[in-house]
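Visitor: Using this note's numbering, you'd call the opening residue of the sequence shown number 16 and step up by one each time. Got a structure for you, written out below as structure tokens; questions coming shortly.
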Amino acid sequence: MAVMQILAPLPIGFAVFVVHLATIPITGTGINPARSFGAAVVYNQAKAWHDQWIFWAGPLSGATLATLYHEHVLRASALKALGSFKA
16 MAVMQILAPL PIGFAVFVVH LATIPITGTG INPARSFGAA VVYNQAKAWH DQWIFWAGPL
76 SGATLATLYH EHVLRASALK ALGSFKA
């Protein structure tokens with residue numbers, strides 16, 4: 016099990032690498048909302064602000080969906096399993 020924990024950064028780094036390669040022509044690799052916001056502030060052109068909302072809406076909606084999934088699916092099944100042990 017310790018070997019798997021040591022190797023955990025590799026797939027994460029590979030996933031970030033693939034996302035960067037795929038989004039360079041589209042967003043200039045703006046996968047971080049703070050980085051995208053900073054670049055828009057420095058560039059300060061209408062084009063930079065036009066699609067700025069997607070860099071914030073995407074992560075916020077993803078975090079909301081992940082929270083709901085955890086609360087209503089994962090946690091609910093764990094509580095259901097614990098409830099079966101009650102006498």
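Every residue, glycine too, gets a C-beta built ideally from N, C-alpha and C.
Should the segment 80 to 88 be called in touch with the segment 57 to 66, which here means at least 3 C-beta pairs below 8 Å?
Guide: No, because fewer than three Cβ pairs between the segment 80 to 88 and the segment 57 to 66 fall closer than 8 Å, the two stretches do not touch.
Visitor: Please say whether G45 and A37 have beta carbons closer to each other than 9 Å?
Guide: Residue numbering aside, residue 37 sits at position 22 when the sequence shown is read from its first letter. Residue numbering aside, residue 45 sits at position 30 when the sequence shown is read from its first letter. For A37 and G45, no; Cβs fall outside 9 Å.
Visitor: Roughly how many whole angstroms lie between the Cα atoms of W68 and F52?
Guide: If you number the sequence shown from 1, residue 68 lands on position 53. If you number the sequence shown from 1, residue 52 lands on position 37. Those two C-alpha atoms are separated by around 10 Å.
Visitor: For A49, tell me which candidate among P74, I39, L25 has the shortest Cα-Cα distance.
Guide: Counting from one through the sequence shown, the residue named residue 49 turns up at place 34. Of P74, I39, L25, the residue nearest in Cα terms is P74.
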